[in-house]
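Undergrad:
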Amino acid sequence: MTPNAFATVERDTDFWFFDGNVVLLAQGNVAFRVHQGVLALHAEFFASKFQQSPQVLRGPTEEETIDGCLIIPLDDTAYDIRQLLLSMYRKNYLKTIKELTFSVVAALMRVGDKYGAHDLVNDCLPYVRRMRPLSLRSVKKASVRRAELKFSHHHAVEALHLCRAVGLLAEEPDILIWMLFFCAQLDEHDLRNGTTRVDGTPEKLSDADIAQILALKKKLQRRGADALKAACNFARKPSVNNCELYDEYGDLKNPNAVTAQCNRGFDTYVVSCIPQEAKAAFLRGDPFEPWIMDKLFEVAERDWMCAGCFEAVLHRQLWLRKDCWDELPTLAGIDDDIDWDAASLCSW
Numbered sequence: 001m002t003p004n005a006f007a008t009v010e011r012d013t014d015f016w017f018f019d020g021n022v023v024l025l026a027q028g029n030v031a032f033r034v035h036q037g038v039l040a041l042h043a044e045f046f047a048s049k050f051q052q053s054p055q056v057l058r059g060p061t062e063e064e065t066i067d068g069c070l071i072i073p074l075d076d077t078a079y080d081i082r083q084l085l086l087s088m089y090r091k092n093y094l095k096t097i098k099e100l101t102f103s104v105v106a107a108l109m110r111v112g113d114k115y116g117a118h119d120l121v122n123d124c125l126p127y128v129r130r131m132r133p134l135s136l137r138s139v140k141k142a143s144v145r146r147a148e149l150k151f152s153h154h155h156a157v158e159a160l161h162l163c164r165a166v167g168l169l170a171e172e173p174d175i176l177i178w179m180l181f182f183c184a185q186l187d188e189h190d191l192r193n194g195t196t197r198v199d200g201t202p203e204k205l206s207d208a209d210i211a212q213i214l215a216l217k218k219k220l221q222r223r224g225a226d227a228l229k230a231a232c233n234f235a236r237k238p239s240v241n242n243c244e245l246y247d248e249y250g251d252l253k254n255p256n257a258v259t260a261q262c263n264r265g266f267d268t269y270v271v272s273c274i275p276q277e278a279k280a281a282f283l284r285g286d287p288f289e290p291w292i293m294d295k296l297f298e299v300a301e302r303d304w305m306c307a308g309c310f311e312a313v314l315h316r317q318l319w320l321r322k323d324c325w326d327e328l329p330t331l332a333g334i335d336d337d338i339d340w341d342a343a344s345l346c347s348w
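Dropping the structure here:
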């Protein structure tokens with residue numbers, strides 16, 4: 001390596017072993033001095049490379065080494081390579097890391113797939129698979145799992161590209177539907193201009209992806225607005241025949257008073273309490289936003305509305321969610337014959 005080029009190299013503070021015998025040079029001239037044996041043990045690419053003749057590995061001159069170590073230039077970011085090395089040098093890295101985020105999982109899968117670290121990729125796959133629900137009933141649980149990984153809509157484009165790169169979409173096409181759904185939660189500006197990874201690397205959609213996702217987004221926004229409107233309008237226009245509420249002695253209250261109380265209770269404890277974040281979720285195209293459903297059950301438990309009114313508004317919300325779930329493959333423009341379970345109205 002020339003003296004000028006050597007001067008620009010930034011030695012990584014965590015992975016610069018005095019007895020290392022190979023230097024990985026990532027983007028930005030960030031260098032990692034590590035061990036050939038460790039790399040070869042975990043990744044087929046390096047195992048194959050280090051089986052070459054010593055002369056090939058050394059390079060023709062000392063200028064192509066750092067501290068006498070072979071230099072392997074890589075086109076990966078320093079963040080991705082650092083995560084790969086952490087998984088190689090730290091036992092059970094995925095299970096022992098203090099905070100496992102989507103960015104970490106994505107980096108490990110990217111470089112793991114690229115360099116033939118198959119065990120690492122297989123260890124990461126369950127985290128990505130659990131990000132999407134398998135049924136309408138599991139929508140909220142999947143949302144919790146994404147939150148545990150610190151996955152936000154900003155990561156959606158990266159997630160879509162990642163699943164394509166590792167071949168996951170070909171094996172499990174239902175994941176594609178959810179990756180498109182997550183992308184559809186982005187605003188149009190981000191869809192057209194792209195997002196960035198945690199290390200600043202840009203992620204841009206193709207024109208075909210943009211068109212498909214924008215079409216999906218418009219359909220989801222319509223359905224989200226319908227769900228929000230149905231919840232907000234129910235208290236003002238009830239269509240319940242069996243509106244019955246009992247007092248503390250178990251006696252049936254006056255029907256007219258009950259209807260007014262149910263309307264007032266729903267309006268006070270649900271409609272007027274819907275947070276802006278939940279409204280924004282519905283309107284950006286997430287008909288599965290759970291706030292209204294969760295609040296409905298809280299209202300029912302506290303007897304703020306009668307069972308008849310509760311069941312009527314709950315049934316309407318469930319139907320809207322079920323209809324969106326059942327139609328999601330079609331809404332996303334996925335015509336493949338995929339294993340997609342239709343939801344029942346008892347799913348929430």
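Using UniProt numbering, read the sequence shown as starting at 1 and increasing by one per residue. Glycine included, every Cβ here is placed at the ideal spot set by N, Cα and C. For clarity, every value in this text was computed on a predicted model and none was experimentally measured.
For W304, name the three-state secondary structure that DSSP assigns.
TA: Three-state result, W304: coil.
Undergrad: Let me check understanding here. Comparing Cα to Cα, which of Q83, D267, A312, P173 lies closest to V105?
TA: The shortest C-alpha separation from V105 is found at Q83.
Undergrad: Can the beta-carbon of R197 be found less than 9 Å from the beta-carbon of Y79?
TA: The answer is yes: Cβ separation under 9 Å.
Undergrad: Measure the CB-CB distance between T13 and N29 and report whether it falls below 9 Å.
TA: The answer is no: Cβ separation not under 9 Å.
Undergrad: Within the segment 160-193, note down every full beta strand (DSSP E) run reaching 3 residues or more, in order along the chain.
TA: Taking only runs of at least 3 residues, no beta strand (DSSP E) segment lies wholly in the segment 160-193.
Undergrad: Should F18 be labelled buried (16 or more other beta-carbon atoms within 10 Å of its own) or exposed?
TA: When all chains shown are included, F18 counts as exposed.
Undergrad: Starting from the C-beta of A281, find all residues in its chain whose C-beta is less than 7 Å away, skip the five residues before and the five after it, and write them out in chain order.
TA: Hits under 7 Å: E289.
Undergrad: How many angstroms separate the CA atom of V291 from the CA atom of G20?
TA: In the sequence under discussion, the amino acid at residue 291 is Trp, which differs from the Val named in the question. Going by the C-alpha atoms only, they are around 54 Å apart.
Undergrad: At the level of alpha carbons, what is the spacing between K237 and H155?
TA: Residue confidence for K237 is low, a pLDDT of 48 falling below 50, so the modelled location carries little weight; the figure read from the coordinates is stated next. In a straight line, the C-alpha of K237 is about 40 Å away from that of H155.
Undergrad: For a minimum of 3 consecutive residues, which ranges assigned as the beta strand (DSSP E) are wholly contained in the UniProt domain "BTB" (20-89)?
TA: Listed in chain order, they are 22-26, 30-34, 69-73.
Undergrad: So, with DSSP's three-state summary, where would you put E99?
TA: Three-state result, E99: coil.
Undergrad: Compute the distance between the beta-carbons of W340 and D174, then report whether it is under 9 Å.
TA: Contact: yes.
Undergrad: Buried or exposed: where does A26 fall if 16 or more other Cβ atoms within 10 Å of its Cβ makes it buried?
TA: Burial call: buried.
Undergrad: Where does W319 sit, in a helix, a strand or coil, going by DSSP?
TA: DSSP places W319 in helix when its eight states are reduced to three.
Undergrad: So A43 packs on A117, CB below 8 Å; how close in whole Å?
TA: Indeed they touch by this definition, with Cβ atoms about 4 Å apart.
Undergrad: Under three-state DSSP, which class holds D335?
TA: Looking at D335 - three-state DSSP - the assignment turns out to be coil, as it is neither helix nor strand.
Undergrad: Any idea if E158 is buried or exposed, counting beta-carbon neighbours within 10 angstroms, 16 or more meaning buried?
TA: Buried, since its Cβ has 16 or more Cβ neighbours within 10 Å.
Undergrad: Since L320 and R192 should fall inside the 8 Å C-beta cutoff, what is the C-beta to C-beta distance between them, to a whole number of angstroms?
TA: With 8 Å as the limit, L320 and R192 do not qualify as a contact, their Cβ atoms being about 29 Å apart.
Undergrad: If I measure Cβ to Cβ from A227 and keep anything under 7 Å in the same chain, skipping five residues before and after, which residues do I get?
TA: Here the set comprises F282, P287, Q317, L320.
Undergrad: Assuming G194 contacts L180 (C-beta within less than 8 Å), just tell me the rounded distance between them.
TA: Contact doesn't hold; Cβ gap of about 16 Å is too wide.
Undergrad: Using C-beta distances below 7 Å, list every residue in its chain close to L134, excluding the 5 sequence neighbours before and after it, in chain order.
TA: Here the set comprises nothing.
Undergrad: What residue range does the beta strand (DSSP E) around D14 cover?
TA: 10-16 is the extent of the beta strand (DSSP E) around D14.
Undergrad: Within the same chain, show all residues whose beta-carbon is closer than 7 Å to that of C232, passing over the 5 residues directly before and after it, in chain order.
TA: These residues qualify, in order along the chain: V271.
Undergrad: In this structure, does DSSP put P202 in helix, strand or coil?
TA: P202: strand per DSSP, three-state reduction.
Undergrad: Can you tell which of M109, V144, Q261, V22 has the C-alpha that lies nearest to the C-alpha of S69?
TA: In the sequence under discussion, the amino acid at residue 69 is Cys, which differs from the Ser named in the question. The option with the nearest alpha carbon to C69 is V22.
Undergrad: Ignore the nearest five residues each way along the sequence and tell me which others in W16's own chain have a CB closer than 6 Å to its CB.
TA: Around W16: R33.
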